[in-house]
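Notes for the one structure printed next.
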Amino acid sequence: MKHIRNFCIIAHIDHGKSTLADRLLDYTGSVTEREKQDQLLDNMDLERERGITIKSHAIQMEYIYNGEQYTLNLIDTPGHVDFSYEVSRSIAACEGALLIVDAAQSIQAQTISNLYLALENDLEIIPVLNKIDLPSANPEEVTDDIVDLLGCDPEEVIPASGKTGLGVDKILEAIIERVPPPKGNKEEPLQAMIFDSVYNPFRGVEVIFRVMNGEITKGQKIKFMATQKEYFADEIGTLKLTQVPKNTIKTGDVGYLISGIKEAREVKVGDTITDARTPTQNMIAGFENVKPMVFAGIYPVDTEDYEELRASMEKLQLNDASLVFTPESSAALGFGFRCGFLGMLHMEIIQERLEREFDMTVITTVPNVSYLAYTKKDPETAVIVNNPSDLPEPSKLDRVEEPYIKATIITKADYVGPVMSLCIEKRGQITNQTYLTTERVELNFDIPLAEIVFDFYDRLKTVSKGYASFDYSPIGMRVSKLVKVDILLNGQSVDALSALIHADNAYNIGKKMCEKLKELIPRQQFDIPIQAATGAKIISRETIKALRKDVTAKCYGGDISRKRKLLEKQKKGKKRMRQVGNVEIPQQAFMAVLKLN
Ligand code: GDP
Ligand code: MG
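Under the UniProt record's numbering, residues 1 to 597 are what the sequence shown spells out, in order.
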């Protein structure tokens with residue numbers, strides 16, 4: 001055990017975590033020349049395409065230091081706020097963290113929030129000043145910033161470059177010298193914490209765990225404490241670039257387990273694995289339940305795929321414990337699920353993963369945050385509104401409360417003005433302004449969550465020319481003037497297009513919604529009126545004019561292949577459409593409210 005080190009790599013997005021992980025793998029000879037590629041641990045297609053880490057990835061390295069062999073379990077983590085739940089689970093499996101700071105960008109919002117997560121879990125922090133090869137690097141100044149933040153000695157900050165490999169030896173040395181070896185007792189009954197899992201269609205559920213006490217042996221009869229279910233440890237092993245089967249995973253080590261579990265719901269991330277015959281008395285305190293920030297409906301395009309969608313979401317939930325969902329139904333879309341997400345990027349990723357990994361074509365409805373409504377009849381009891389259609393009728397409504405957050409924005413002094421105007425436009429109130437240095441300013445705002453989850457992040461980047469980072473934490477509910485804006489197509493209200501909007505913006509947004517929908521909904525054989533309404537009052541109207549000709553008409557029957565191509569194209573375009581009444585609505589229309597600027 002004294003030769004095991006478990007550590008994660010944390011940082012603000014793009015500060016170089018995944019690249020530095022590559023260098024650590026190279027240096028310890030954990031990958032062959034042939035296996036090498038950039039950001040090796042970002043092995044999901046989506047991660048490679050977008051150049052971001054979405055999942056935490058654990059990998060084991062062997063390293064000889066001072067003549068002794070060490071086993072190092074590294075966990076690379078995502079940097080984006082929407083995936084902080086991944087970070088918090090990884091942290092729970094470690095004793096140390098490399099805190100990477102970009103030498104040109106210095107400390108940013110998620111540097112701080114991820115550092116706090118690590119400190120709450122008593123991890124040993126090793127600060128790394130990364131990207132010192134960059135011409136724009138500012139090593140002295142940024143080292144000072146790090147020293148200020150951590151209260152450490154300047155000598156503790158390791159200068160490095162994930163690009164050139166400089167400093168990697170020093171980092172490995174620091175991991176061995178400064179990160180404490182795992183505690184735990186080999187003689188005690190098995191107690192292992194599940195910190196991740198994946199559904200593998202051939203092998204069933206693969207569980208990733210960290211042994212806290214005791215040991216786990218191949219063939220052992222084990223029990224999952226939360227579900228009280230028993231299994232045999234058919235295969236256990238360590239996580240190299242591929243899985244390496246082993247006979248035992250020892251106290252303090254990290255490994256995977258396969259025990260023929262086919263049902264996703266039998267496994268809970270955060271659960272404790274123990275020995276079935278001599279179980280431990282102590283369940284490891286699980287993870288805090290995730291608190292979703294954004295809700296939206298997910299519906300199968302084909303209503304018959306509902307059960308398959310449920311099974312797919314359960315499997316996806318295994319690999320993403322921050323996804324929550326409950327069944328719901330919509331007059332327009334039929335049966336589906338109300339899903340909770342940590343943010344818009346998270347929502348986008350879930351939709352993409354459902355399509356790619358599970359071959360499900362889905363419609364996602366207008367996202368909203370979670371409101372509390374109080375009725376006149378019972379003004380003390382809150383009704384949770386995760387879906388606009390759950391909002392009680394205006395005449396019965398006493399008041400509505402919406403979630404607020406405290407936003408922390410770090411920007412350059414030059415951009416304080418534009419950042420402030422943006423926050424005020426978004427109904428924010430400034431609570432604090434601190435100069436971190438003469439150049440860098442921290443701003444704090446109280447601001448409605450609904451205003452920041454949609455396009456705030458992009459707008460912030462634009463107004464600050466990229467020089468602003470942003471983090472937030474919930475600060476509770478506040479009374480707000482909200483109304484439900486309904487959309488009627490062909491005179492029929494389409495529940496999946498309703499949105500809750502601040503009363504002052506209702507008219508403006510209703511109007512823009514109608515205009516946008518006119519653009520997005522394809523013309524059909526008849527005129528389609530589009531109306532926006534609050535209650536019985538119509539606030540705006542547009543009309544989609546009927547199509548004049550059949551699109552195939554211009555092929556004058558002659559060119560069959562051309563005609564077929566056109567029809568194929570039409571079919572493809574239809575893929576993500578839903579028939580509501582007699583109107584075909586494309587997926588983008590459900591997101592129209594987000595794209596109004
Ligand atoms: P992560 O989001 O923290 O995992 O960051 P990545 O490892 O994906 O790196 C983000 C970007 O920074 C990529 O384009 C890398 O090539 C680049 N990068 C990472 N480390 C260095 C470095 O030490 N020097 C330079 N010049 N670029 C780096
Ligand atoms: Mg990364």
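Cβ coordinates follow ideal geometry from the N, Cα and C atoms, glycine included.
- request: Report yes or no: do the segment 244-253 and the segment 293-309 share at least 3 C-beta pairs separated by less than 8 Å?
  value: Counting Cβ pairs under 8 Å, fewer than three are found: no touch.
Backbone CA spacing between lysine 516 and alanine 499 [nearest angstrom]: Taking the sequence shown and counting its residues from 1, the one referred to as residue 516 is at position 516. Taking the sequence shown and counting its residues from 1, the one referred to as residue 499 is at position 499. Approximately 14 Å between the Cα atoms of the pair.
- prompt: By Cβ distance below 7 Å, which residues in the same chain neighbour isoleucine 261 in space, the five residues on each side in sequence not counted?
  reply: Here residue 261 corresponds to residue number 261 of the sequence shown, with the count starting at 1. Excluding sequence neighbours, isoleucine 261 sits near Gly204, Val205, Tyr231, Val267.
message: According to DSSP, lysine 268 sits in a beta bridge with which residue or residues?
response: For this step, residue 268 is matched to residue 268 along the sequence shown. Note: lysine 268 sits in no beta bridge, so no partner.
query: Under a criterion of Cβ closer than 5 Å to any non-hydrogen atom of the ligand MG, which residues qualify, in chain order?
result: Every residue passing the under-5 Å Cβ criterion appears here: Lys17, Ser18, Thr53.
- prompt: Where does isoleucine 501 fall in DSSP's three states?
  reply: Against the sequence shown, residue 501 aligns to sequence position 501. In the structure shown, isoleucine 501 adopts extended strand secondary structure according to DSSP, grouped into three states.
message: Looking at the ligand GDP, does it come within less than 8 Å of isoleucine 298, judged from the CB to the closest heavy atom?
response: As a position in the sequence shown, residue 298 is number 298, starting the count at 1. For the ligand GDP, not one heavy atom lies less than 8 Å from the Cβ of isoleucine 298.
field: For leucine 41 and threonine 280, the rounded distance between their alpha carbons
entry: Locating residue 280 in the sequence shown gives position 280, counting from the first residue. Locating residue 41 in the sequence shown gives position 41, counting from the first residue. Linking threonine 280 to leucine 41 through their CA atoms gives a straight-line distance of about 34 Å.
message: Whole angstroms are fine: how far does the CA of glycine 343 sit from the CA of glutamate 35?
response: Along the sequence shown, read from residue 1 onward, the residue named residue 35 stands at position 35. Along the sequence shown, read from residue 1 onward, the residue named residue 343 stands at position 343. Each residue's alpha carbon lies about 34 Å from the other.
- prompt: Which partner residues of leucine 98 appear in the DSSP bridge assignment?
  reply: Position 98 of the sequence shown, counted from the first residue, corresponds to residue 98. BP columns for leucine 98 point to Ile9, Ile126.
message: Could you compute how far the alpha carbon of asparagine 138 sits from the alpha carbon of lysine 17?
response: Taking the sequence shown and counting its residues from 1, the one referred to as residue 138 is at position 138. Taking the sequence shown and counting its residues from 1, the one referred to as residue 17 is at position 17. Spanning the two alpha carbons is a distance of roughly 19 Å.
field: Continuous beta strand (DSSP E) assignments of at least 3 residues falling wholly in the segment 16-59
entry: List check, beta strand (DSSP E) in window: nothing returned.
- request: Just tell me which of Leu190, Asp38, Lys229 has its CA closest to the CA of isoleucine 284.
  value: Along the sequence shown, read from residue 1 onward, the residue named residue 284 stands at position 284. Out of Leu190, Asp38, Lys229, Leu190 has the C-alpha closest to the C-alpha of isoleucine 284.
Outcome for arginine 23 when other beta-carbon atoms lying within 10 angstroms are tallied against a minimum of 16: Position 23 of the sequence shown holds residue 23. Classification for arginine 23: buried.
Leucine 316 versus phenylalanine 337: straight-line alpha-carbon distance, rounded: Position 316 of the sequence shown, counted from the start, is the residue given in the question as residue 316. Position 337 of the sequence shown, counted from the start, is the residue given in the question as residue 337. Our two residues, leucine 316 and phenylalanine 337, have alpha carbons roughly 14 Å apart in a direct line.
- request: Can you give me the Cβ contacts of glutamine 588 inside the same chain, cut-off strictly under 6 Å, excluding the 5 residues immediately before and after it?
  value: Here residue 588 is taken as the residue at index 588 of the sequence shown, counted from 1. Residues of the same chain with a CB within less than 6 Å of the CB of glutamine 588, apart from the 5 flanking positions on each side, are Leu520 in chain order.
- prompt: With 16 other CB atoms within 10 Å as the buried threshold, where does valine 244 fall?
  reply: Walking along the sequence shown from the start, residue 244 turns up at place 244. Looking at its Cβ environment, which holds fewer than 16 other Cβ atoms inside 10 Å, valine 244 is exposed.
message: Give the list of continuous beta strand (DSSP E) stretches no shorter than 3 residues that lie fully inside the segment 64-99.
response: Those beta strand (DSSP E) runs which fall completely within the segment 64-99 and span 3+ residues are 68-76.
- request: Let me know the secondary structure DSSP gives serine 136 once reduced to three states.
  value: Here residue 136 corresponds to residue number 136 of the sequence shown, with the count starting at 1. Coil at serine 136, not helix or strand.
query: How close, in whole Å, do the beta carbons of threonine 53 and proline 78 come, if the pair is a contact with beta carbons under 8 Å?
result: Within the sequence shown, the letter at position 53 stands for residue 53. Within the sequence shown, the letter at position 78 stands for residue 78. Between the beta-carbon of threonine 53 and that of proline 78 there is about 4 Å, and that keeps the pair under the 8 Å contact cut.
task: Determine which residues share a DSSP beta bridge with asparagine 121 and list them.
output: As a position in the sequence shown, residue 121 is number 121, starting the count at 1. Looking at the DSSP assignment, asparagine 121 forms no beta bridge with any residue, so it has no partner.
field: Buried/exposed call for glutamate 140, threshold 16 Cβ in 10 Å
entry: In the sequence shown, counting from the first residue as 1, residue 140 sits at position 140. When all chains shown are included, glutamate 140 counts as exposed.
- request: State whether the segment 78-98 contacts the segment 117-136, with contact taken as three or more CB pairs (one from each stretch) at a distance under 8 Å.
  value: Touching, yes.
query: the ligand GDP heavy atoms versus the CB of glycine 466: any closer than 8 Å?
result: Within the sequence shown, the letter at position 466 stands for residue 466. Because no heavy atom of the ligand GDP lies under 8 Å away, the Cβ of glycine 466 does not count as near it: no.
field: Secondary structure, beta strand (DSSP E): runs of 3+ residues fully inside the segment 153-227
entry: Inside the segment 153-227, DSSP marks whole beta strand (DSSP E) runs of 3 or more residues at positions 191-200, 204-213, 221-224, from first to last along the chain.
query: Can we count threonine 164 as close to the ligand GDP, meaning its CB is less than 8 Å from some heavy atom?
result: If you number the sequence shown from 1, residue 164 lands on position 164. Checking the Cβ of threonine 164 against the ligand GDP gives yes.
- request: Return the chain-ordered list of same chain residues with a C-beta closer than 7 Å to the C-beta of glycine 237, the five sequence neighbours on each side being excluded.
  value: As a first step, residue 237 must be located in the sequence shown, where it is residue number 237. Here glycine 237 has Gln243, Val244, Pro245, Lys246, Gly255, Tyr256 as same chain residues with Cβ atoms under 7 Å from its own Cβ, once five neighbours each way along the sequence are excluded.
query: Helix, strand or coil for proline 379 per DSSP?
result: The residue labelled residue 379 in the question sits at position 379 within the sequence shown. Assignment of proline 379 by DSSP, reduced to helix, strand and coil, places it in the coil class.
query: When the Cα atoms are used, what is the spatial distance from alanine 407 to aspartate 471?
result: Numbered from 1 along the sequence shown, position 407 holds the residue referred to as residue 407. Numbered from 1 along the sequence shown, position 471 holds the residue referred to as residue 471. Using only the alpha carbons, I get a separation of about 6 Å.
query: Alpha carbon to alpha carbon, how far is proline 135 from isoleucine 410?
result: As a position in the sequence shown, residue 135 is number 135, starting the count at 1. As a position in the sequence shown, residue 410 is number 410, starting the count at 1. Cα to Cα, the separation comes out at about 23 Å.
- prompt: Out of Pro394, Ala226, Ser322, Asn368, which has the shortest C-alpha to C-alpha gap to histidine 346?
  reply: As a first step, residue 346 must be located in the sequence shown, where it is residue number 346. Comparing Cα positions, the closest option is Ser322.
- prompt: alanine 276 by DSSP, collapsed to three states: which one?
  reply: For this step, residue 276 is matched to residue 276 along the sequence shown. Under the three-state reduction of DSSP output, alanine 276 falls in the coil class, being neither helix nor strand.
- prompt: Is it right to say glycine 340 is buried, meaning 16 or more other beta carbons lie within 10 angstroms of its own, or is it exposed?
  reply: Translated into the one-based positions of the sequence shown, residue 340 becomes position 340. Glycine 340 should be labelled buried.
message: Helix, strand or coil for asparagine 282? Go by DSSP, reduced to three states.
response: Here the question's residue 282 lines up with position 282 in the sequence shown. Here asparagine 282 sits in coil by DSSP.
message: Between alanine 58 and isoleucine 75, how many whole angstroms is the CB-CB distance? I'm expecting something under 8 Å.
response: What you label residue 58 is simply residue 58 of the sequence shown in a count that begins at 1. What you label residue 75 is simply residue 75 of the sequence shown in a count that begins at 1. Indeed, because the Cβ distance is near 5 Å, the residues count as touching under 8 Å.
message: Please state whether the Cβ-Cβ distance between lysine 412 and serine 464 is less than 9 Å.
response: Walking along the sequence shown from the start, residue 412 turns up at place 412. Walking along the sequence shown from the start, residue 464 turns up at place 464. Yes; because the gap between Cβ atoms is below 9 Å, this pair is in contact.
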